[in-house]
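The sequence shown begins at 607 in the working numbering and counts up by one.
Take a look at the structure set out below.
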Amino acid sequence: MRYSLKSSFAQLTLAVFITVFFVTVLGRIVTTTGAWAFCSGWPLCVPTMPLGYLKLAHILLVGLASLLMILLLRKAWREQRDQNLLLPLTTVTGVLFFGQALIGAIIVTRSFPLHLVILHTATAIALWIALGVLVFASGALAKDVTEIARFDFRQRAKDFFVLSKPIIVLLLLVTTYSGLVAGSKAWPSASLTFWTLLGGALAAAGSSALNQYIDRELDKNMQRTAKRPLADGRLTAAEGLSYGLALSLVSYYVMAGFVNLLAALLSLAGIFYYVIFYSVLLKKATVQNIVIGGGAGAIPPMVGWAAATGHLGLAAWILFAIVFFWTPPHFWALAIVRMKDYAKAGVPMMPVVQGEEKTRRHILVYTIELIAVTLLLPLFNLAGTIYLISALVLGGFLLYAAWRVFTIGGNKVAWTMYRWSSMYLAFIFLALMIDAVM
């Protein structure tokens, strides 16, 4: 591997490295000398003493570094979209750079909360590691591109939107908001709602993109997924990985900076659970993949509850259990419909490994367990009459659908179960919200 800084991308990377270095040094001088106190105003400040010019210089240098970072990101996404290391590394470096600036600004306005100070320091360390690796990698891998491909930006926007699995994101946001309302026992403030749902949407979309990056070869073998952007080649693997990593990182900064630490950690745990534990380790390893992996989708209502209260109570764990027990019958119904697809792709879903009859029985059993779990909330006096009646009525409809799957079988009734279970989850969490505010 020959190392050279002759490419324009490598040279711009080096310029970013040097500028960020001087930003860091000057920032330390401003902090040590107390120069920040002699220059007030935002985004630019007006010096009142000679030391104040140090802070003004630091602000201007931050602006230059930000501009160079934006240019580097633009150049990477235009010229290095096939580079499986350079594009994700550049994207992550950019997120770390702006994430550190965001957290730094929040720290100053909130009297230096410990978890944000730690996050700011950890981000600074990660940023310097990423910058160092990026300088080396750009010299070893980057090449000047003589002709930049022309894009249909409307199609690319649509592909990135599809990469986020918007329907799944929407369903997860329903459960997140329900946890937020139930925890608040009232309609939460617009600010808390906005930041919690934004962080949750970014986390869910980022996880979905990373899942499709991991499954891009597997998806080619399934009719349902063969036209996904990565499987179909409309987006490169590097773009999918970069997009997923960026959204996941930004989601943590949003949650930590504007919601609270517990919500941020739970959201991050959900990302790791879905991407690493389920997508990498479980999906192709065990017939229980959906059962165990269901914990990832069960975390969002806990995030909402934590956002509202700052802690987790019994009700939050019951909400987790509701989604956890809902997941197997929902996805096993889909697996029956798409059994040939899963068999072709080598995914050990229950209908493929243990047969449709056993799967139908398990769908019924888990549906009964799900309905029982939903009744724990009123049993422990954690929900009222509106929720109780809704849980009984909705549970009755879902049990009827599961019974038909068990007794009749076939793709048609399984597809009905799949669709009904989606609506069931949305409506039972809607009932929980109405009950909480009434």
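All C-beta atoms in this analysis are idealised placements derived from N, C-alpha and C, irrespective of residue type, glycine included.
Keep in mind the model is a prediction, meaning the values are calculated, not measured.
- Between glycine 900 and phenylalanine 930, the beta carbon gap of about 5 Å places them in contact (Cβ cut-off 8 Å).
- Beyond the five residues adjoining it in sequence on each side, phenylalanine 937 comes within less than 7 Å, by CB distance, of Ile896 in the same chain, given in chain order.
- A Cβ-Cβ distance of about 6 Å is found for the pair valine 723 and isoleucine 713, placing them in contact under the 8 Å criterion.
- Proline 656 sits in coil when the DSSP states are folded into three classes, being neither helix nor strand.
- Cβ-Cβ distances below 6 Å link serine 848 to Leu693, Pro694 and Thr697 in the same chain, with the five nearest sequence neighbours on each side left out; the list follows chain order.
- A residue is called buried when at least 16 other Cβ atoms come within 10 angstroms of its Cβ; glycine 903 meets this threshold and is buried.
- Here the alpha carbons of alanine 922 and lysine 681 stand approximately 45 Å from one another.
- Note that the C-beta distance between alanine 671 and valine 629 is below 8 Å.
- Rounded to whole angstroms, the separation of the alpha carbons of valine 751 and glutamine 617 is 14 Å.
- Taking the C-beta atoms as reference points, phenylalanine 1035 is found no nearer than 8 Å to valine 865.
- A residue is called buried when at least 16 other Cβ atoms come within 10 angstroms of its Cβ; threonine 715 does not meet this threshold and is exposed.
- A Cβ-Cβ distance of about 37 Å is found for the pair glycine 785 and proline 649, leaving them out of contact under the 8 Å criterion.
- Secondary structure within the region 730-781: the alpha helix (DSSP H) runs of 4 or more consecutive residues, fully enclosed, are 759-769 (chain order).
- In this structure, the straight-line span from the alpha carbon of tryptophan 734 to that of methionine 675 is close to 14 Å.
- The beta carbon of alanine 810 is closer than 6 Å to those of Val775 and Leu778 in its chain, skipping five residues each way along the sequence.
- Excluding the 5 residues flanking it on each side, proline 719 has same chain C-beta neighbours closer than 8 Å at Ile713, in chain order.
- Burial check for methionine 1044: the Cβ neighbour count within 10 Å stays below 16, so the residue is exposed.
- For the options Phe757, Gly812, Leu1031 and Leu918, the alpha carbon positioned closest to that of threonine 980 is the one of Leu1031.
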